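In the working numbering, the protein residues as written are 1047 to 1246.
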């Protein structure tokens, strides 16, 4: 897929306020500081499209970006940011889960996992929830440039081994590096294949 245009569309505080549109949506989510904004900027080749920060928890809205005028890339708030107040954490959780469960035009949710660290309980529980609710999703292992290829491969294998305890078939996954643009073509081609399958 060639990205000809990528523009910010709007930011919403709830599912009800999301765009009234029949365009397909591909959403990105992950633990805070997993490299989500950097990945979005890498995919669109626009370093200023999504706000990046050294401090986690900066995404506080459901942000829609319109790509090539025919589908939306959706940036969801990160989960697992411990420094938020409990009431604020609950508000973000409600926003995230209501969007994921209720958005009819969500074609695929990409769950971002840091490839440099062991499997985290919060990621495994979230993926389990997606499976139980029948949400179409894939996994993107991020920051692959931060460790050796062997270390990244070992962490991914360990993650998948845990998933195999409860999953008959492993979810599709990609390995990415926003710095080296690793995985960009594979992710965009996958999105393109879904769009073509659905006649979009």
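Cβ atoms here follow ideal geometry from the backbone N, Cα and C, with glycine treated the same way. This one's a predicted model, so the numbers in the text were calculated from it and none came from an experiment.
Look at residue 1053 and residue 1112 and say whether their C-beta atoms are less than 8 Å apart. Here residue 1053 refers to the residue found at position 7 when the chain shown is read from its first residue. Here residue 1112 refers to the residue found at position 66 when the chain shown is read from its first residue. Between residue 1053 and residue 1112, the C-beta spacing is below 8 Å.
Which same chain residues end up closer than 6 Å to residue 1006 when comparing Cβ atoms and leaving out the 5 residues on each side of it in sequence? Nothing can be reported for residue 1006, as the shown portion of the chain is limited to 1047 through 1246.
At which residue ranges does the stretch 1128 to 1168 contain complete beta strand (DSSP E) runs of 3 or more residues, listed in the order of the chain? Complete beta strand (DSSP E) runs here, min 3: 1152 to 1160.
Would you kindly work out how many angstroms separate the C-alpha atoms of residue 1063 and residue 1069, rounded to a whole number? Position 17 of the chain shown, counted from the first residue, corresponds to residue 1063. Position 23 of the chain shown, counted from the first residue, corresponds to residue 1069. For residue 1063 and residue 1069, the gap between their C-alpha atoms comes out near 15 Å.
Could you tell me which of 1167, 1147 and 1115 sits nearest to residue 1060, measuring between CA atoms? Along the chain shown, read from residue 1 onward, the residue named residue 1060 stands at position 14. Considering only alpha carbons, the answer is 1147.
Selection from 1202, 1211 and 1076 that minimises the alpha carbon distance to residue 1219: If you number the chain shown from 1, residue 1219 lands on position 173. It is 1202 whose Cα lies nearest to the Cα of residue 1219.
Would you check if the distance between the CB atom of residue 1085 and the CB atom of residue 1176 is smaller than 8 Å? Start at 1 with the first residue of the chain shown, and residue 1085 comes out as number 39. Start at 1 with the first residue of the chain shown, and residue 1176 comes out as number 130. No. Outside cutoff.
Measuring only the C-alpha atoms, how far is residue 1241 from residue 1152? Here residue 1241 refers to the residue found at position 195 when the chain shown is read from its first residue. Here residue 1152 refers to the residue found at position 106 when the chain shown is read from its first residue. The C-alpha of residue 1152 is placed about 12 Å away from the C-alpha of residue 1241.
With distances taken from CA atoms, which of 1078, 1198 and 1117 is nearest residue 1238? The sequence position of residue 1238 within the chain shown is 192, counting from 1. Check the Cα spacing between residue 1238 and each of 1078, 1198 and 1117: the tightest is with 1117.
Counted within 10 angstroms of its Cβ, other Cβ atoms place residue 1198 as buried (16 or more) or exposed: Within the chain shown, the letter at position 152 stands for residue 1198. It is buried - the Cβ of residue 1198 has at least 16 other Cβ atoms within 10 Å.
Looking at residue 1212: is its Cβ nearer than 8 Å to the Cβ of residue 1174? The residue labelled residue 1212 in the question sits at position 166 within the chain shown. The residue labelled residue 1174 in the question sits at position 128 within the chain shown. Yes, Cβ-Cβ distance for residue 1212 and residue 1174 is below 8 Å.
Where does residue 1103 fall in DSSP's three states? Position 57 of the chain shown, counted from the start, is the residue given in the question as residue 1103. Bear in mind that the predicted position of residue 1103 carries a pLDDT of just 49, short of 50, making it too unreliable to give a figure here.
DSSP three-state label for residue 1080, please. Looking up residue 1080 in the chain shown gives position 34. If DSSP states are grouped into helix, strand and coil, residue 1080 belongs with coil.
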